[in-house]
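First the structure, in the form of structure tokens, and then the observations on it.
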């Protein structure tokens, strides 16, 4: 069984492009050109140079000594929080802005939940001098105010989504609506491995720099070319896709995906797609989706804006359905406590999304010789207010 996308845009039974006819030309233009453009030597040269000199790659692979000691295993942190803009998101937005330029697009739209993708998109638009419109749920605008300010400082227009749950799903709906109305000059920079083919594959390829670096760094640090486990939080799933990418077909590497259980998987306030989802279609692809018995999308909930999504990328739906990846659901409380523990043991304040990945060590046991790489996908500056309220700091 393969865990990569096939020529029709599917991961197993998941994926594809379920889109309105008016979007077909945009998506088809991208599908026909993305591999060729990405393979072009001048594209790769510019992409790699920007990752190095602008983003600050490679990010360190850091051995978390005190965390490892506490949990009796070897824990390495892939420090994506040290990227320019504070998360893994910029790897993809750099790639997509270069893609948009080569396709002759002069206007960029994006959706954002936690605001990290919005900031990363606004950043690359400022870098290239291209107009930028970011759609963001009204609730997320309130809980991620520092990132909203950053986007505005970077010259982006932030448009609130006021329908539905006023979070990431609704922001994505608004962005798609904009794209339908402006097909000629606009490129939609999707922030995760979601949406119609070729987006999940294209975003995963741009993020695959993460697993590529893990291989080289483990050879240097442990004299091995692969870890025993890779752990990442999953909302849509781009940081997970990037850290898994070069290990997908090697089943000796365990893949652990950590989802947001919110106030409990069966509390009615959760975003644990693997536990609660059924096959459905959202934002242009067939995937696992939280929905009612008559197919209406269930409103997700998580304390972290970036995991507050009712579906999951089709790659991850396939990894779950095939049993290739182990999915673990973590509550708000478990994630917040794990985030605070990382602060106190390693002096690193993680994004609340990322904190979910660290919460597994309380219950998921590893041996003392296991090498476990956790993708530390984002830093916690944007979440300080949530941490302050939660812990009464």
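Numbering (this note's numbering), first residue to last: 65 to 457. All residues carry an ideal CB built from backbone N, CA and C; glycine is no exception.
Helix, strand or coil at residue i according to DSSP, with G and I counted as helix
i: residue 67; result: coil
i: residue 360; result: coil
i: residue 258; result: coil
i: residue 439; result: strand
i: residue 373; result: coil
i: residue 277; result: helix
i: residue 381; result: helix
i: residue 457; result: coil
i: residue 236; result: helix
i: residue 148; result: coil
i: residue 330; result: coil
i: residue 141; result: strand
i: residue 154; result: helix
i: residue 392; result: strand
i: residue 101; result: helix
i: residue 414; result: strand
i: residue 365; result: coil
i: residue 336; result: coil
i: residue 127; result: strand
Counterpart residues of residue i in DSSP-defined beta bridges
i: residue 352; result: 343
i: residue 198; result: 174 and 222
i: residue 309; result: Looking at the DSSP assignment, residue 309 forms no beta bridge with any residue, so it has no partner.
i: residue 213; result: Residue 213 is not bridged to any residue.
i: residue 250; result: 171
i: residue 79; result: 74 and 350
i: residue 473; result: This structure cannot speak to residue 473, because the chain is shown only from 65 to 457.
Option in the options with minimal Cα separation from residue i
i: residue 329; options: 321, 319, 340 and 409; result: 340
i: residue 235; options: 386, 387, 176 and 441; result: 176
i: residue 289; options: 275, 70 and 393; result: 275
i: residue 159; options: 192, 142 and 127; result: 192
i: residue 302; options: 144, 365 and 281; result: 144
i: residue 407; options: 419, 429 and 396; result: 419
i: residue 399; options: 207, 456, 322 and 282; result: 322
i: residue 11; options: 178, 199 and 401; result: Absent from the structure is residue 11, since the part of the chain shown begins at 65 and ends at 457.
i: residue 445; options: 427, 212, 70 and 265; result: 212
i: residue 150; options: 417, 432 and 455; result: 417
i: residue 281; options: 394, 141, 133 and 242; result: 141
i: residue 93; options: 251, 320 and 223; result: 251
i: residue 364; options: 372, 428 and 357; result: 372
i: residue 268; options: 304, 231 and 292; result: 304
i: residue 492; options: 431, 423 and 447; result: Within the shown structure, residues of the chain are numbered from 65 to 457, placing residue 492 beyond reach of any answer.
i: residue 161; options: 455, 237 and 114; result: 114
i: residue 195; options: 232, 173 and 294; result: 173
i: residue 220; options: 354, 394, 134 and 190; result: 190
i: residue 389; options: 167, 309 and 358; result: 309
i: residue 218; options: 198, 204, 70 and 227; result: 198
i: residue 263; options: 415, 277 and 157; result: 157
i: residue 69; options: 442, 129, 313 and 200; result: 313
i: residue 238; options: 85, 391, 226 and 249; result: 226
i: residue 111; options: 188, 204 and 402; result: 188
i: residue 77; options: 84, 200, 67 and 201; result: 67
i: residue 315; options: 332, 306, 334 and 294; result: 294
i: residue 410; options: 148, 127, 359 and 286; result: 127
Residue i classed as buried or exposed, judged by whether at least 16 other C-beta atoms fall within 10 angstroms
i: residue 343; result: exposed
i: residue 367; result: buried
i: residue 348; result: buried
i: residue 266; result: buried
i: residue 433; result: exposed
i: residue 405; result: buried
i: residue 123; result: buried
i: residue 450; result: buried
i: residue 170; result: exposed
i: residue 105; result: exposed
i: residue 99; result: exposed
i: residue 338; result: buried
i: residue 291; result: buried
i: residue 458; result: What is shown of the chain runs 65 to 457, which leaves residue 458 out entirely.
i: residue 134; result: exposed
Cβ distance (whole Å) where residue i is taken to contact residue j below 8 Å
i: residue 215; j: residue 257; result: Actually they are not in contact, since the Cβ atoms of residue 215 and residue 257 sit about 22 Å apart, beyond 8 Å.
i: residue 155; j: residue 271; result: 5 Å
i: residue 180; j: residue 153; result: 5 Å
i: residue 121; j: residue 244; result: The Cβ separation is near 35 Å, so there is no contact.
i: residue 378; j: residue 75; result: 5 Å
i: residue 82; j: residue 350; result: 7 Å
i: residue 442; j: residue 415; result: 3 Å
i: residue 392; j: residue 345; result: With a Cβ gap of about 26 Å, residue 392 and residue 345 do not count as contacting.
i: residue 299; j: residue 370; result: 5 Å
heavy atom of the ligand ZN below 6 Å from residue i C-beta
i: residue 238; result: With respect to small molecules bound, the structure shown includes none, and the ligand ZN cannot be examined in it.
Residue-level contact to chain B via CB, residue i, 7 Å cutoff
i: residue 70; result: Considering every chain present, this structure includes no chain B. It has just one protein chain.
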